[in-house]
């Protein structure tokens, strides 16, 4: 991350400048209270899949050069030759690739909408919700209560 990186909340659009870099937790200069959400997904590498398809097509094509009676017997030898041809390419091509996406969320305390969305997403994923409560008065002023409740409050 650069020193002047700005973080934008994926839910609200709120923007915050990076905070003080702190290397101890791996979150670089993520501002205090902000949440980093990183999704990683392993998928088959399309290049690796293509190599396998080309190899199979080559084996099938080479088999047709032999009489039908010996094609199955020749298939093993053909497969070994094709595998040897592609060995180097397969060694430098990963079977899987990782798709990664990262978004940032403003502190839930900054917005009721952000808090509700974050809590909904956390619950959907089986995580406990963050708690965000409006500041409430612990005790109500007896003068603000309806007359029938004034006696109970005193």
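In the working numbering, the protein residues as written are 78 to 231. Just so you know, even glycine gets a beta-carbon here, dropped at the ideal spot from N, CA and C. All figures in this text were calculated on a predicted structure; none of them were measured in a lab.
Under 8 Å by Cβ, that's how I've got residue i and residue j pegged, so tell me the actual separation to the nearest angstrom.
{"i": "residue 207", "j": "residue 195", "result": "6 Å"}
{"i": "residue 180", "j": "residue 114", "result": "5 Å"}
{"i": "residue 124", "j": "residue 159", "result": "Not confirmed; about 17 Å, so no contact."}
Does DSSP classify residue i as helix, strand or coil?
{"i": "residue 159", "result": "helix"}
{"i": "residue 197", "result": "helix"}
{"i": "residue 97", "result": "coil"}
{"i": "residue 117", "result": "strand"}
{"i": "residue 84", "result": "strand"}
Using a 10 Å radius around the Cβ and a threshold of 16 neighbouring Cβ atoms, would you call residue i buried or exposed?
{"i": "residue 161", "result": "exposed"}
{"i": "residue 84", "result": "buried"}
{"i": "residue 157", "result": "exposed"}
{"i": "residue 182", "result": "buried"}
{"i": "residue 202", "result": "exposed"}
{"i": "residue 166", "result": "exposed"}
{"i": "residue 192", "result": "buried"}
{"i": "residue 184", "result": "buried"}
{"i": "residue 88", "result": "buried"}
{"i": "residue 107", "result": "buried"}
Taking only the alpha-carbon atoms, compute the straight-line gap between residue i and residue j and give it to the nearest angstrom.
{"i": "residue 154", "j": "residue 144", "result": "15 Å"}
{"i": "residue 139", "j": "residue 177", "result": "40 Å"}
{"i": "residue 92", "j": "residue 186", "result": "15 Å"}
{"i": "residue 188", "j": "residue 173", "result": "39 Å"}
{"i": "residue 135", "j": "residue 117", "result": "35 Å"}
{"i": "residue 96", "j": "residue 109", "result": "7 Å"}
{"i": "residue 204", "j": "residue 130", "result": "41 Å"}
Under 9 Å, Cβ to Cβ, is there at least one residue of chain D near residue i?
{"i": "residue 204", "result": "In the displayed structure, chain D is absent; only one protein chain is listed."}
Entirely enclosed alpha helix (DSSP H) segments - the region 120 to 192, minimum 4 residues
123 to 140 and 148 to 168
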